[in-house]
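Numbering (numbering that gives the first Met the number 0), first residue to last: 0 to 424.
Heads up, the thing below is written out as structure tokens.
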Amino acid sequence: MITQQVLLRDAMRRLDMTRDAFADRIGSRRRALDSWLLPDESNEFRAMPEVARRFVQEILANAAPRVEVATQSVYPSDNPLVPGAPLRHLLSVDQFSRETAEDLFRLADVMQPIARRQKVTRVLEGAVLANLFFEASTRTRVSFGAAFCRLGGSVCDTTGFTFSSMAKGESIHDTSRVIAGYADAIVVRHPEQGAVAEFARATNVPVVNGGDGPGEHPTQALLDLYTIQREFSRLGKRVDGAHIALVGDLKYGRTVHSLIKLLALYKGVRFTLIAPPSLEMPGSIVDRVSRNGNVVEVRDSLASLADADIVYATRIQKERFAEESIEGYGAAFEINRALVDRVCKPDVVVMHPLPRDSRSGSHDLSADLDGDPRLAIFRQTDNGIPVRMAIFASLLGVDKLVQRSMRDAAWTPPVHIGPEDSVLD
Ligand code: NCD
């Protein structure tokens, strides 16, 4: 039987209702609904009455089927996802419709007790992941590896070009075919746009794009959207009609390229783009997302964050610069507590894909917001685990087995992972 948290979150997503509206719909108090949604291990968790569960199941059974809107693919070999159909490779967010993204989030909700270390599973026992990172990474590589391990699989890693056979002139084709003989899934991060798709063409083993140069970072965008939905559910907001501000290096930042396309699957979204001169969002992406009643506004000052629901900051990707310069990217672009207090709405959510550049003069997202509930960056990184687990479970066809396979974990993790975590973490 699916857990009450999975059932309720799925229902709110499919009916596209805020918590208040949904509590109203099922005739319960918002406080009761909040307590049903908490993790089982929380002191305030309450079991949902059986009659309420049956009522929610009935509402879902009568809900209108959802309409499919997929993004247009720029990766010709991608197969767009059909609900229920197996995922072969994950290369671009273009493969997703709103419905298939939300199906993945439902599976991520199923994974939450494992990601929170309350439960364990061995559904991927015996499977091997090759985690090939030909570009710098800490969190993405470890997050993919940890997600695979938490499903019971094992991980082989390699990092950097210097120690790879590519440094001896090996083609992507050869590396891909060789690794496919060793592993059951492959994650690749590569400095060139399109290189991961080329990798995927040389193998039938599922390949996941862990970031291809300035191209895409689909799994980051999926975990970002999952985070936005969870934050909005708490705050009584919907992605349709939201105001999302993207700040920083929008030219080379692959996370924002994927995220804006994924968010454009929703309706009436207002995007505010704030980038230093020469680092603006590519025009082709702006054109593609300006549809469905979505509007894109390009601004040059953080004063435009005034009524944003999400402020998504990014690092300046100096390592990708050709002839660009960051002259003019001064203190006026820094997102810090004073700015958020002065300019933003009290319920704004501040996000960043990380890493933050904490060196002085970088003017990246300031650490002075740490511990502030408006800062969602560690909720984002935590959400990377269930979302990547859901991706692997789908790719390897064990998605239906997870729920039944769960057992209690034998050890107890700390209640708050970080000493500065806000109450929401
Ligand atoms: C980002 C990346 O590598 O694209 N990090 C990440 O994967 N979370 C962002 C960055 O490097 O600035």
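Yeah, the Cβ is synthetic: ideal placement off N, Cα and C, and Gly gets one too.
Return yes when the Cβ of residue j is within less than 8 angstroms of the Cβ of residue i, no when it is not.
i	j	result
T218	L90	no
N61	Y225	no
Y251	R319	yes
V342	A305	yes
S175	F198	yes
V195	N208	yes
D308	R378	no
K260	V92	yes
H362	E333	yes
L394	A126	no
F104	R12	yes
F270	V295	yes
E215	S257	yes
R237	A263	no
D15	D239	yes
S357	A331	no
A10	I58	yes
L353	R138	yes
A220	L249	no
R253	G210	yes
A302	V268	no
Mapping DSSP to helix, strand and coil, what is residue i?
i	result
C343	coil
V246	strand
R188	strand
S153	strand
R183	For the sequence presented, residue 183 should be read as Asp rather than Arg. Three-state DSSP puts D183 in coil, outside helix and strand.
R229	helix
N130	strand
R138	helix
K266	coil
T218	helix
H5	Here residue 5 is Val; the residue named in the question, His, does not match the sequence. Helix, per DSSP.
N208	strand
M110	helix
T271	strand
T174	helix
Tell me the rounded alpha-carbon separation between residue i and residue j.
i	j	result
G159	E134	6 angstroms
E436	L222	This structure cannot settle anything about residue 436, because the visible part of the chain is limited to 0 through 424.
S34	R373	21 angstroms
D407	V401	13 angstroms
V109	V5	6 angstroms
F391	F147	7 angstroms
V272	V297	It should be noted that the sequence gives Leu, not Val, for residue 272. When rounded, the distance between both Cα atoms is 5 angstroms.
Q3	Q56	11 angstroms
P385	S164	32 angstroms
R121	G235	36 angstroms
A145	L131	14 angstroms
Y311	V255	9 angstroms
P38	H172	45 angstroms
G26	G180	55 angstroms
R18	E323	45 angstroms
A114	M388	9 angstroms
I227	T313	16 angstroms
F44	F95	33 angstroms
P75	Q192	Any reading at P75 needs caution, since the residue's pLDDT is 40, under 50, leaving its predicted position unreliable; the model's value is listed next. The alpha-carbon atoms of P75 and Q192 are separated by roughly 14 angstroms.
T380	I243	19 angstroms
A46	R52	10 angstroms
R287	M280	12 angstroms
P276	K317	14 angstroms
V73	A20	The predicted position of V73 is uncertain, since its pLDDT is 39 and thus under 50; a value taken from the coordinates is nonetheless stated next. Cα to Cα, the separation comes out at about 38 angstroms.
R336	E49	45 angstroms
P205	M405	24 angstroms
Assign residue i to one of two classes, buried (16 or more other C-beta atoms within 10 Å of its C-beta) or exposed (fewer than that).
i	result
I1	exposed
A182	buried
E124	exposed
L187	In the sequence as presented, Leu is not what sits at residue 187; that position holds Val. Per the 10 Å Cβ criterion, buried.
E98	buried
K167	exposed
N42	exposed
I315	buried
L86	buried
Q71	Only weak support exists for where Q71 lies, its pLDDT of 43 falling under 50; the value from the coordinates is given anyway. Its Cβ having fewer than 16 others within 10 Å, Q71 is exposed.
L150	buried
P112	buried
R229	buried
L368	buried
V422	exposed
E101	buried
T411	exposed
D398	buried
R403	exposed
Go through the residues and name those whose CB comes closer than 7 angstroms to any heavy atom of the ligand NCD, in chain order.
S136, R138, T139, G210, H216, Q219, G252, R253, T254, T313, R314, Q316, P352, L353, P354
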